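If you read the sequence shown in my numbering, its first letter stands for residue 2, the second for the next number, and so on. For each residue, glycine too, the CB sits at the ideal point set by N, CA and C. Quick caveat: nothing in here was measured; it's all calculated off a predicted structure.
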Amino acid sequence: LLEGGYCLKSLAEGAALTLKSLLGDPCPSLDMTSNPCTSIIQTIQNVIFAHQKYWKCFQVDFLLSQSFKAISMYSYDEEPLSVFPTVDCYPTQDISKIDEFSVLQHLISETQLLNIDNKVCVSFDLIMDQKHESSESGHPECPGRISAILNMYNDFQLTHRLLILPSREAEESELLLAHSREHVDEMSNLHKLSPSELSEKEKCYDSVYLTTDTYKVSTLASGCLLQVVDSVMKNESASGVAVIRPPGHHAELDIACGFCIFNSVAIAASYALNKYGLKRIMILDWDIHFGNGTMRAFSSDPRVLYISIHRYQNAKFFPCSEEGSHKV
């Protein structure tokens, strides 16, 4: 909330919307009327400068522009007021300021204050809890991951508070939003292969196992996430969770990788951009492994901001890519 309090109307509106968001309602979407003015940029940079000594996340040189001049500390010897005026103390505004307030009033009137009944939706399919299992005993990417999450939901008595969405398989056209035709065709034909042929094909990939159920379970994973996207974008739900497997963030345009067949998050982001005309999407990938597939999917798309929190270990930790360095 960047507000100094000198405009009571914008202060009140900002405080009300901030509180509304903190209480769980979705943040309203406002169109940017223009680029941020110089004073706002300077204010933000002053805040960064003042906190740099104490906050490690601000101790990065490029956060401050080369033209930035540090704010000077102002001290004075005046006797502080014991009582502050609260009425009739604001200056009379001229015509230009009144015109600015009309813009503010327009923004307020255009703000959609949504009150969505379903706070959280969830999508899953128990087929993912039964199919696509490695022949290797104790493999970490196993069907039990689904039931473990759902059991925890039940233990915390969350299930009855969620909107349960029907599952579906992602359509071929949706898979092609993030993958090549060759990769989709190759995965869709896995059910035709014998166990020995599947075992031989696994050698073409890095840390991937394949079964005759791989394609069905993987398309279910992507489809369930798309169900969540639709529910949120149609204001049916304020937020949503997809309990799905196999995972996706290592899968790239034309190849499976790291237990991942299709990149469900990349598919979902592209789906939201195309179907709903979104202008900006942020993907926060919080995983011990770097999501190489998701990063590459949007490396040249300015509409998508990809942030990954992962273990790097000088590119010695899977997927062993220097693209996971903080310098990239």
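Could you compute how far the alpha carbon of D288 sits from the alpha carbon of H311? Cα to Cα, D288 sits roughly 5 Å from H311.
So what's K120 in DSSP terms, helix, strand or just coil? Note: K120 maps to strand in three-state DSSP.
Where does L2 fall in DSSP's three states? For L2, the predicted model reports a pLDDT of 48, less than 50, meaning its position is unreliable; a value from the coordinates is still stated below. It is coil, neither helix nor strand.
Roughly how many angstroms lie between the CA atoms of L227 and F69, to the nearest whole one? A direct Cα-to-Cα measurement between L227 and F69 gives close to 44 Å.
Below 8 Å on the Cβ atoms is my guess for G294 versus A269; work out the distance and round it to an integer in Å. That pair is no contact at about 13 Å.
Among E134, H251, V185, which has the Cα closest to the Cα of G325? Ranking the options by Cα distance to G325, first place goes to H251.
Those residues which DSSP pairs with G241 across a bridge: Under DSSP, G241 takes part in a beta bridge, and its partners are C122.
In this structure, how does DSSP classify Y307 when only helix, strand and coil are distinguished? DSSP places Y307 in strand when its eight states are reduced to three.
Considering only their Cβ atoms, is the gap separating S309 from F291 smaller than 8 Å? Remark: C-beta atoms of F291 and S309 approach each other more closely than 8 Å.
Hey, would you say S124 sits closer than 8 Å to V229, going by beta carbons? Yes, these two residues count as a Cβ contact at 8 Å.
Please report the straight-line C-alpha distance between N116 and H140, rounded to a whole angstrom. Spanning the two alpha carbons is a distance of roughly 44 Å.
According to DSSP, simplified to helix, strand and coil, what is I150? DSSP, reduced to helix, strand and coil, places I150 within a helical segment of the structure shown.
Mark Y216 as exposed unless 16 or more other C-beta atoms lie within 10 angstroms of its C-beta, in which case mark it buried. Buried, since its Cβ has 16 or more Cβ neighbours within 10 Å.
Buried or exposed: where does L24 fall if 16 or more other Cβ atoms within 10 Å of its Cβ makes it buried? Exposed, since its Cβ has fewer than 16 Cβ neighbours within 10 Å.
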